[in-house]
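Since the structure comes first, as structure tokens, the remarks are kept for the end.
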Amino acid sequence: AEDLRNLCGAHGISLGHSNLSRSEMVQRLVKTLWPPKPDPPQPKPKPRPHSYYPPPPPKPPPGASAAAGRLRLASYFQVLQLPPSAGIDDVKKAYRRMALKHHPDKNRGEQDQKAVFQKVAEAYEKLSEFFLDNTK
Numbered sequence: 001a002e003d004l005r006n007l008c009g010a011h012g013i014s015l016g017h018s019n020l021s022r023s024e025m026v027q028r029l030v031k032t033l034w035p036p037k038p039d040p041p042q043p044k045p046k047p048r049p050h051s052y053y054p055p056p057p058p059k060p061p062p063g064a065s066a067a068a069g070r071l072r073l074a075s076y077f078q079v080l081q082l083p084p085s086a087g088i089d090d091v092k093k094a095y096r097r098m099a100l101k102h103h104p105d106k107n108r109g110e111q112d113q114k115a116v117f118q119k120v121a122e123a124y125e126k127l128s129e130f131f132l133d134n135t136k
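The numbering of the sequence shown is full-length UniProt numbering, which starts it at 1 and goes up by one.
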């Protein structure tokens, strides 16, 4: 036991004047000579690869007014020669009228009429989606 006390003293382990048992002295000596290893540092998170596609535009909040949507679609109302206050029935009637007037089969060889017809069809599609989304 005296050799163990001397070994503890040589390594700076203070035993004081207490009567420690042999196992307690060994435990203190082991803790001093072989302290627990610190936890390894956590690896940094890998950066996420960039997407090839940009994120989708944010959707308007659920409480966004239909009037704001109508302003966004003003150009489509203009294509169908309608005021922004027009309803779905007005859009359908205007589409039929404009489609008959500018249809490529009625205007063979006129490329500008084909482009007008495509714009009319796009306007009808976008406005129909708008009215469908706002009736839910």
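The beta-carbon is built from N, C-alpha and C at its ideal position, and this holds for glycine as well.
Checklist entry - Do Glu-125 and Val-79 have their C-beta atoms closer together than 9 Å? => result no
Item to check | C-alpha distance - Val-116 paired with Asp-133, whole-angstrom precision | outcome: 26 Å
Item to check | Secondary structure of Lys-37, DSSP reduced to three states | outcome: coil
Checklist entry - Going by Cα to Cα distance, which pick from Ser-14, Gln-113, Arg-97 is closest to Pro-104? => result Gln-113
Next on the checklist: Do Gln-81 and Met-98 have their beta-carbon atoms positioned less than 9 Å apart in this structure?
Outcome noted: yes
Checklist entry - Whose C-beta lies closer than 6 Å to the C-beta of Lys-119 among residues of the same chain, with five residues either side of it excluded? => result Val-79
Checklist entry - Is DSSP giving Gly-134 helix, strand or coil here? => result Residue identity check: residue 134 is Asn in the sequence provided, not Gly. Helix at Asn-134.
Next on the checklist: Quick check on DSSP: helix, strand or coil for Asp-89?
Outcome noted: Asp-89 falls in the helix class under three-state DSSP.
Item to check | Pairwise C-alpha distance: Asn-107 and Ala-74 | outcome: 27 Å
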